[in-house]
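Numbering (the UniProt record's numbering), first residue to last: 1 to 661. Every residue, glycine too, gets a C-beta built ideally from N, C-alpha and C. Because the structure is a prediction, the values reported are computed rather than measured.
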Amino acid sequence: RYQITAGNTGGVLGVQPETGAIFIAQPLDYEETKIYEIHLLASDGKWEDYAVTIINVMNKNDESPVFSINEYYGSIIEELDGLPVFVLQVVHFMRFRRLSYFNERAQTALVMANDPDNNVDEGDLSYSLHGHGAADIFTIDENTGSIYAHKVLDREERALWRFVVLATDEGGEGLTGFADVIINVWDINDNAPMFTCMPDDCNGSVFENSPADTLVMEMSAVDRDDPNVGLNAVLTYTITENVKNELGSDMFNINPNTGTIRVAGGVIDRERTAIYFLTVEARDGGGLTGTGTATIWIADVNDHVPNFTKEMWQAAIPENSAINSEILRVSATDADGGENAHLTFSIIRGDPDQKFYIENDKEWQCATIRLKKKLDFEKAHERQFNLTIKVEDLDFSSTATCLIEVEDSNDHSPVFHSQLIQTSPVFENMPVGTTVTTVRATDKDSGLNGNIIYSIKSDSDPMRQFVIDQHGHVIVANKLDREVIQKYSLIVQASDQGTPAETGSVTVLINLLDVNDNGPRFEAPYMPIVWENMLSPEIVHMNHSSKLLHAYDPDSKENGPPFTFSLPSDYQNSLDFSLTDNRDDTATVTALRSFDREKQKVFHLPIVITDSGIPVMTVCCLKQQSSNGGLWFSLLILISYAVIFMYLALYWVVFGLHAFL
Numbered sequence: 001r002y003q004i005t006a007g008n009t010g011g012v013l014g015v016q017p018e019t020g021a022i023f024i025a026q027p028l029d030y031e032e033t034k035i036y037e038i039h040l041l042a043s044d045g046k047w048e049d050y051a052v053t054i055i056n057v058m059n060k061n062d063e064s065p066v067f068s069i070n071e072y073y074g075s076i077i078e079e080l081d082g083l084p085v086f087v088l089q090v091v092h093f094m095r096f097r098r099l100s101y102f103n104e105r106a107q108t109a110l111v112m113a114n115d116p117d118n119n120v121d122e123g124d125l126s127y128s129l130h131g132h133g134a135a136d137i138f139t140i141d142e143n144t145g146s147i148y149a150h151k152v153l154d155r156e157e158r159a160l161w162r163f164v165v166l167a168t169d170e171g172g173e174g175l176t177g178f179a180d181v182i183i184n185v186w187d188i189n190d191n192a193p194m195f196t197c198m199p200d201d202c203n204g205s206v207f208e209n210s211p212a213d214t215l216v217m218e219m220s221a222v223d224r225d226d227p228n229v230g231l232n233a234v235l236t237y238t239i240t241e242n243v244k245n246e247l248g249s250d251m252f253n254i255n256p257n258t259g260t261i262r263v264a265g266g267v268i269d270r271e272r273t274a275i276y277f278l279t280v281e282a283r284d285g286g287g288l289t290g291t292g293t294a295t296i297w298i299a300d301v302n303d304h305v306p307n308f309t310k311e312m313w314q315a316a317i318p319e320n321s322a323i324n325s326e327i328l329r330v331s332a333t334d335a336d337g338g339e340n341a342h343l344t345f346s347i348i349r350g351d352p353d354q355k356f357y358i359e360n361d362k363e364w365q366c367a368t369i370r371l372k373k374k375l376d377f378e379k380a381h382e383r384q385f386n387l388t389i390k391v392e393d394l395d396f397s398s399t400a401t402c403l404i405e406v407e408d409s410n411d412h413s414p415v416f417h418s419q420l421i422q423t424s425p426v427f428e429n430m431p432v433g434t435t436v437t438t439v440r441a442t443d444k445d446s447g448l449n450g451n452i453i454y455s456i457k458s459d460s461d462p463m464r465q466f467v468i469d470q471h472g473h474v475i476v477a478n479k480l481d482r483e484v485i486q487k488y489s490l491i492v493q494a495s496d497q498g499t500p501a502e503t504g505s506v507t508v509l510i511n512l513l514d515v516n517d518n519g520p521r522f523e524a525p526y527m528p529i530v531w532e533n534m535l536s537p538e539i540v541h542m543n544h545s546s547k548l549l550h551a552y553d554p555d556s557k558e559n560g561p562p563f564t565f566s567l568p569s570d571y572q573n574s575l576d577f578s579l580t581d582n583r584d585d586t587a588t589v590t591a592l593r594s595f596d597r598e599k600q601k602v603f604h605l606p607i608v609i610t611d612s613g614i615p616v617m618t619v620c621c622l623k624q625q626s627s628n629g630g631l632w633f634s635l636l637i638l639i640s641y642a643v644i645f646m647y648l649a650l651y652w653v654v655f656g657l658h659a660f661l
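The following block contains the structure:
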């Protein structure tokens, strides 16, 4: 049997006990053990023998190139020209030791890679560069490992570049090792300070009346240069254009290191100056400067009392104005600003019935007084209002007087004390110009709105029998005649002189008393017929149906019947005709003889009719003109072919006792 007795480091080899064949039991590693000296024992159970076997391990490319460190650092100054600029070199470990050196163009470091495979030549390594900017900004020599910058670098755009450097053996076809390369871009003072708030946002504020050393704002600038290298980004602040206070000294100061602006001294009054502008300069350690304008807004403090623009306000309003009608706009001023100038108006006195309210307009610092309840000029205490109005801000207030005059509106019609006036009856013979009655209307309005004009409605007095004066006297204008109109219903109107006019009315009832101013008269135009040669006496027919002579009187019953009929005294002994009073308001005419038409065709028979009035009225009927101008009427008797025609021609009215001729 065979067995290994020594030299089998790590147990990587084994032997077949029966045949003595040596085999690989574990993976071999050339880089760890290159030669194995194996001691073998051969034994048959009784006898044994020893032998030594030398085994050489042949190398295989199973190790990637290894860089001496994981990260390599290089540096380059920004803004260099003369491209390309050498930055860094990586080389094979077996050829160079690691070193770093600096020249006036760039700081470089020697980056080395080695391959654990012992038989690999450094010339078989190929270098490549990978990462952002590796192709267009940085390149590497694949044989030497030298890294170059091909573009001008700007530290303010990018201060650090990081790449992966690959080292591949077998001329780039074998295994690959890698390391990180970090390149820092060194700063130069190529950026001036810049205020980040420019151009529009460099704003600060401070309350007016603030004491010295009150913080106003931070006016800070930035410098894109490297703050960790030199003084390129170390800034110093100054105010190059300040404002002066009332003492002539600077009103503001600035911390040179922080850019903090504070109040230096003096009185800050927003109402005098609401905004200040300062020119601030920031200077870096390299002498570059930047400027900015600090805008300082003065915040308001409520240090002013609001005041009305007028001490006395006046307005007039018609009493019939609608609810919410605008009466007056009042305004006030407040030198403060913002919320301190938000004014509130109110009515504090003079309106016990709350007839008004006030509507605020804070945007325009004014208010509108409006009507809350209806007004009535006819109430004495509502004809004028003396209001006290107040304006106030958050802390202060003032007052003013507002005088509101209420103007009368024609909102009342004239009113009579009664809607119907019944006058005492009057005689129809009342003389023209006589006052029948007096009416009176009242109007609660004032001025022309209460000035009343009286009139009689025309259709209630179509014959214009009455007039009315401006004192309300109803006067007879024309002669009255009860026999034409017995009573009047006059509509008297009272109109004011407002615009439009208002009108009231009253009905005046006037009854006329009768005066015995009408005499009796025949009831109809009679045509009596008498035949000639007739036997007498014979009652004369007044018409074809009646022998009676009837009378009537237009006056009232008191001045009318009963009537009396008679003949004038000089006819009472007439041999021709006689008259009989029937005592029933009728009479009968009797022919006393026989008539001959050829001798006389016409007879005029005067008849006296008397009424029962006081005084009595008598009418005598004759066909002739009276000496005093009165009209007579007669009963005309025509005799023709034995026929007598008796008719009423004219009549004459006589007042007093019997009148006849």
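Nonlocal neighbours in the same chain, by C-beta distance under 6 Å from residue i, ignoring five residues either side
i	result
Ser-566	Val-608
Ala-341	Asp-334
Glu-281	Thr-238, Thr-240, Thr-289 and Thr-291
Val-57	Leu-28, Tyr-30 and Lys-34
Gln-384	Glu-405
Val-616	Thr-610
Own chain residues within Cβ distance below 7 Å of residue i, not counting five before or after
i	result
Asp-481	Glu-428
Phe-308	Val-330, Ala-332, Val-391, Ser-398 and Ala-400
Val-164	His-130, Gly-131, Phe-178 and Asp-180
Glu-523	His-550, Ala-551 and Tyr-552
Gln-26	Gly-10, Gly-11 and Val-12
Val-643	Any answer about Val-643 is weak, because its pLDDT of 31 lies below 50 and its placement is not dependable; what the coordinates show is given next. So the list reads Ile-529, Val-530 and Trp-531, once near-sequence residues are dropped.
Same chain, Cβ closer than 8 Å to residue i, five either side skipped, listed in chain order
i	result
Pro-17	Arg-1, Tyr-2 and Gln-3
Trp-364	Ser-331
Ile-317	Ser-325, Ile-327, Leu-371, Leu-375, Ile-404, Glu-405, Val-406 and Glu-407
Cα-Cα separation between residue i and residue j, rounded to whole angstroms
i	j	result
Ile-593	Asn-533	Checking the sequence shown, residue 593 turns out to be Arg, not Ile. When rounded, the distance between both Cα atoms is 9 Å.
Ile-275	Pro-193	26 Å
Asn-245	Glu-208	13 Å
Trp-313	Glu-405	11 Å
Phe-645	Ser-536	With a pLDDT of only 33 at Phe-645, under 50, the local geometry of the prediction cannot be trusted, and no value is derived from it.
Thr-586	Pro-554	17 Å
Ser-612	Leu-548	20 Å
Thr-293	Asp-81	37 Å
Asn-8	Ala-135	52 Å
Ala-6	Leu-13	11 Å
Gln-493	Thr-580	57 Å
Asn-70	Leu-88	15 Å
Tyr-148	Asp-187	18 Å
residue 671	Pro-425	Outside the modelled stretch of the chain, which goes from 1 to 661, sits residue 671, for which no answer is possible.
Glu-142	Ala-167	9 Å
Ala-501	Asp-461	23 Å
Lys-379	Val-432	43 Å
Ile-76	Asn-191	18 Å
Tyr-127	Ile-140	7 Å
Leu-605	Leu-490	47 Å
N- and C-terminal bounds of the beta strand (DSSP E) containing residue i
i	result
Phe-595	Neither: Phe-595 is in no beta strand (DSSP E) and is coded neither H nor E.
Gln-486	It is not in any beta strand (DSSP E) - Gln-486 carries neither H nor E in the DSSP assignment.
Thr-9	It is not in any beta strand (DSSP E) - Thr-9 carries neither H nor E in the DSSP assignment.
Val-436	435-438
residue 725	Here the chain has residues from 1 to 661 only, and residue 725 is not among them.
Arg-283	275-283
Asn-184	176-186
His-604	602-605
Ser-146	146-149
Gln-422	420-422
Thr-139	138-140
Ala-159	Taken as a continuous stretch (DSSP letters only), Ala-159 belongs to no beta strand (DSSP E), as it is neither H nor E.
Thr-610	608-610
Residues bridged to residue i (per DSSP)
i	result
Gln-497	Paired residues: none, contrary to the question.
Val-476	Phe-466
Ala-441	Phe-416
Ile-614	None, per the DSSP bridge assignment.
- request: Go through the stretch 510-592 residue by residue and report every complete run of the beta strand (DSSP E) that reaches 3 residues or more, in order.
  value: 548-552, 564-566, 577-581 and 586-591
- prompt: Can you list, in chain order, the stretches of the beta strand (DSSP E) that have 3 or more residues and sit fully within the UniProt domain "Cadherin" (309-416)?
  reply: 312-318, 326-333, 344-349, 356-361, 366-371, 384-392 and 397-407
- request: Could you tell me which uninterrupted alpha helix (DSSP H) segments, each at least 4 residues in length, are contained entirely in the stretch 17-77, listed from first to last along the chain?
  value: none
- request: Output the residue ranges of the beta strand (DSSP E) runs that lie fully inside the UniProt domain "Cadherin" (205-308) and measure 3 residues or longer, sorted by chain position.
  value: 215-218, 236-241, 252-254, 260-263, 275-283 and 289-299
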